[in-house]
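Engineer:
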Ligand code: GTP
Ligand code: MG
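In the working numbering, the protein residues as written are 9 to 559.
1. Could you check if residue 122 is buried or exposed, using at least 16 other CB atoms within 10 Å of its CB as the buried criterion?
2. Helix, strand or coil for residue 84? Go by DSSP, reduced to three states.
3. What do you get for residue 539, buried or exposed, if any count of 16 or more other CB atoms within 10 angstroms of its CB means buried?
4. Taking residue 143 and residue 213 to be in contact with their CB atoms under 8 Å, please state how far apart those CB atoms are, rounded to whole angstroms.
5. Output needed for residue 360: all residues of its chain with C-beta closer than 8 Å, excluding positions within five of it in sequence on either side, in chain order.
6. Look up residue 383 in the DSSP assignment and give the residues it is bridged to.
7. Just the C-alpha distance for residue 130 and residue 272, rounded to the nearest angstrom, thanks.
8. Would residue 184 be called buried (16 or more neighbouring beta carbons within 10 Å of its own) or exposed?
9. Taking the C-alpha atoms as reference points, what is the distance between residue 513 and residue 61?
10. For residue 495, collect the residues of the same chain with a Cβ closer than 7 Å to its Cβ; drop the 5 residues on either side in sequence, then sort them by chain order.
11. Any contact of the region 97-109 with the region 168-179, i.e. 3+ C-beta pairs under 8 Å?
12. What residues in its chain sit with their C-beta under 7 Å from that of residue 53, if we drop five residues either side in the sequence?
13. Check each candidate in 304, 275, 493 and 263 and name the one with the smallest Cα separation from residue 287.
14. Go ahead and label residue 517 buried or exposed: buried means 16 or more other beta carbons lie within 10 angstroms of its beta carbon, across all protein chains shown.
15. To which residues of the same chain is residue 487 closer than 7 Å at the C-beta, ignoring the five residues directly before and after it?
16. Using beta-carbon positions only, say whether residue 343 and residue 521 come within less than 7 Å of one another.
17. Expressed to the nearest angstrom, what Euclidean distance is found between the alpha-carbon atoms of residue 434 and residue 452?
18. How would you call residue 357, buried or exposed, if buried means at least 16 neighbouring beta carbons within 10 angstroms?
19. Would you report the Cα separation of residue 203 and residue 196, rounded to the nearest angstrom?
20. Taking only runs of the alpha helix (DSSP H) that begin and end inside the region 260-330, which ones reach a length of at least 4 residues, in chain order?
21. Can you tell which of 137, 506 and 454 has its C-alpha closest to the C-alpha of residue 432?
22. Rounded C-beta distance between residue 326 and residue 376? I'm assuming under 8 Å.
23. Mind listing which residues have their beta carbon within less than 6 Å of any non-hydrogen atom of ligand 2? Chain order is fine.
24. How about residue 251 and residue 234: do their beta carbons lie closer than 7 Å?
This is how it looks when you write it as structure tokens:
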């Protein structure tokens, strides 16, 4: 029996060992999957950044010889990809296979004569003597957004509102080439910032990376000091510390760094111009343009922007309806003057985006989870705290269960208008973190900052701008419910009949050049009253319907 006891013990130990092994294996697998998934957004950014570091931007003459140009570049290494685009001049983005090629190319590149400031960057000019024929024009990638007229024509040819919204996103979203160019501009700026902070990285954020970027949108960048600024952790063991200049506060440190970079950009940065420092904004920024790419740029040090971009990207990936709906609402609001490119008392694209996400969380069944639900699903590698604010949320999409909401884009768009036409802005806040309605702490429109809980991202919005938004939502809800505009009129050339679907909800000046005769009745009385009568009629109809069933 002793022997049996021994065998049982050995078996138990073996089992224990096996289960420990399985647990370790499971944990490792989970960690690996998490590392893999966690890095989806980040690894995408890293991959693009690394490609940008192997790239150069070259201004070319209107005519030259493409194959000879490539031959010239190939003497420095393998050209992996290249494309041309037009912005005042023809320009080439050239990606080499290796960074060594860049070093070799820069070695052979000359400084122009005259009293030029000898800052050598990866922005170059191709000089092509006329004698080097044959000269030809090259094929150009179009990086500019379609004109409003083209947009209206394209949308009008579609067969449903769902198709229209999909088409709008397809023709406006950033192309692969436009994203590459944006990363290259970040990388060029990174070379300048690297002169002062060698470990720093310039990262794009906002609509360049959140999946909502439109051709022609601005380029938001973060100067990520990447460990340069580590904060003050007390250590008991002997260690060395850098001697540094101290700033009065973190804000003062940000202002100082940005002002130096602004000055350096202005004086030494080839291709950068129109530099304007805005140090006293809540979030200090430097604004400038990059002439060769035609991009308007904003540079900041605020790392929350990266996290909110990742969150918007994630929400956009969770359901195929999210991005087309967001593109449509952002396009609609921009053209109606609800959002504007200049700062002011109006709703910003970021606020509007949060409003759409909030609306999608409120559908039955919900199309999107709340931020708190995303936080509950987070793994250990997702943990993220920025300046004492918990910014943790899951990054592994497979952990989020699919919703079973089957509403069409058309329904969602029209319900969006109805939702905000009747939303209790007076008492409630818009908070994408919470499942339950939240009462708001202040008088203004209150859209809670997803990560800095006490902050209202729409603090700037005044009564009048909110009222414009609500009235426009009421008008669109009214038009779509009373005017026969949701479907195209039948006819051989649909697009020339009259505005319909999403087009009919855009401002008239956008579609009048396309449609010769406008058949739609314009509401001449107060739209809020009209909307109320509509709601009343709907209620009476519903009640009548109920009584018929009850009878
Ligand atoms: P467009 O540039 O208009 O295409 O959209 P965008 O999403 O890039 O917006 P914008 O350039 O105005 O802002 C860039 C990013 O900064 C946004 O995506 C947000 O992450 C962040 N952001 C913008 N406005 C606010 C704000 O009021 N509060 C906070 N916390 N972040 C903001
Ligand atoms: Mg932007």
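Beta carbons: idealized from backbone N, C-alpha and C, even for Gly.
Structural biologist: Inspection of the coordinates gives the following:
1. What you label residue 122 is simply residue 114 of the chain shown in a count that begins at 1. Answer is exposed; the Cβ neighbour count stays below 16.
2. The residue you call residue 84 lines up with position 76 of the chain shown. Residue state, collapsed to three classes: coil.
3. Here residue 539 corresponds to residue number 531 of the chain shown, with the count starting at 1. Label assigned to residue 539: buried.
4. As a first step, residue 143 is located in the chain shown; it is residue number 135 there, counting from the start. As a first step, residue 213 is located in the chain shown; it is residue number 205 there, counting from the start. Actually they do not touch by this definition, with Cβ atoms about 41 Å apart.
5. Locating residue 360 in the chain shown gives position 352, where the first residue counts as 1. Within its own chain, the residues whose Cβ lies closer than 8 Å to the Cβ of residue 360, once the five positions on either side in sequence are excluded, are 337, 338, 341, 346 and 347, listed in chain order.
6. Numbered from 1 along the chain shown, position 375 holds the residue referred to as residue 383. Per DSSP, residue 383 has no beta-bridge partner at all.
7. As a working note, residue 130 is residue 122 in the chain shown. As a working note, residue 272 is residue 264 in the chain shown. Distance between the alpha carbons of residue 130 and residue 272: 16 Å.
8. As a first step, residue 184 must be located in the chain shown, where it is residue number 176. It is exposed - the Cβ of residue 184 has fewer than 16 other Cβ atoms within 10 Å.
9. Numbered from 1 along the chain shown, position 505 holds the residue referred to as residue 513. Numbered from 1 along the chain shown, position 53 holds the residue referred to as residue 61. In a straight line, the C-alpha of residue 513 is about 44 Å away from that of residue 61.
10. Reading the chain shown from its first residue, position 487 is the one you call residue 495. Excluding positions up to five away in sequence, the list reads 508.
11. Judged by Cβ distances under 8 Å, the region 97-109 makes no contact with the region 168-179, as fewer than three pairs qualify.
12. One-based indexing of the chain shown puts residue 53 at position 45. 211 and 217, listed in sequence order.
13. Position 279 of the chain shown, counting from 1, holds the residue named residue 287. Ranking the options by Cα distance to residue 287, first place goes to 263.
14. On the chain shown, residue 517 is found 509 positions in, with the first residue counted as 1. Looking at its Cβ environment, which holds fewer than 16 other Cβ atoms inside 10 Å, residue 517 is exposed.
15. Counting from one through the chain shown, the residue named residue 487 turns up at place 479. Around residue 487: 493, 512 and 513.
16. Numbered from its first residue, the chain shown carries residue 343 at position 335. Numbered from its first residue, the chain shown carries residue 521 at position 513. Contact: no.
17. Against the chain shown, residue 434 aligns to sequence position 426. Against the chain shown, residue 452 aligns to sequence position 444. Cα-Cα distance, rounded: 8 Å.
18. Residue mapping note: residue 357 aligns to position 349 of the chain shown, counting from 1. That one is buried.
19. Translated into the one-based positions of the chain shown, residue 203 becomes position 195. Translated into the one-based positions of the chain shown, residue 196 becomes position 188. Going from the Cα of residue 203 to the Cα of residue 196 covers about 12 Å.
20. Here the runs fully enclosed are 312-326.
21. Locating residue 432 in the chain shown gives position 424, where the first residue counts as 1. Cα-wise, what sits closest to residue 432 is 454.
22. Stepping through the chain shown from its first residue, residue 326 is reached at position 318. Stepping through the chain shown from its first residue, residue 376 is reached at position 368. Rounded, the Cβ-Cβ distance is 6 Å, consistent with contact.
23. 214, 215, 225, 226 and 228
24. For the purposes of this step, residue 251 is taken as the residue at position 243 of the chain shown. For the purposes of this step, residue 234 is taken as the residue at position 226 of the chain shown. No, Cβ-Cβ distance for residue 251 and residue 234 is not below 7 Å.
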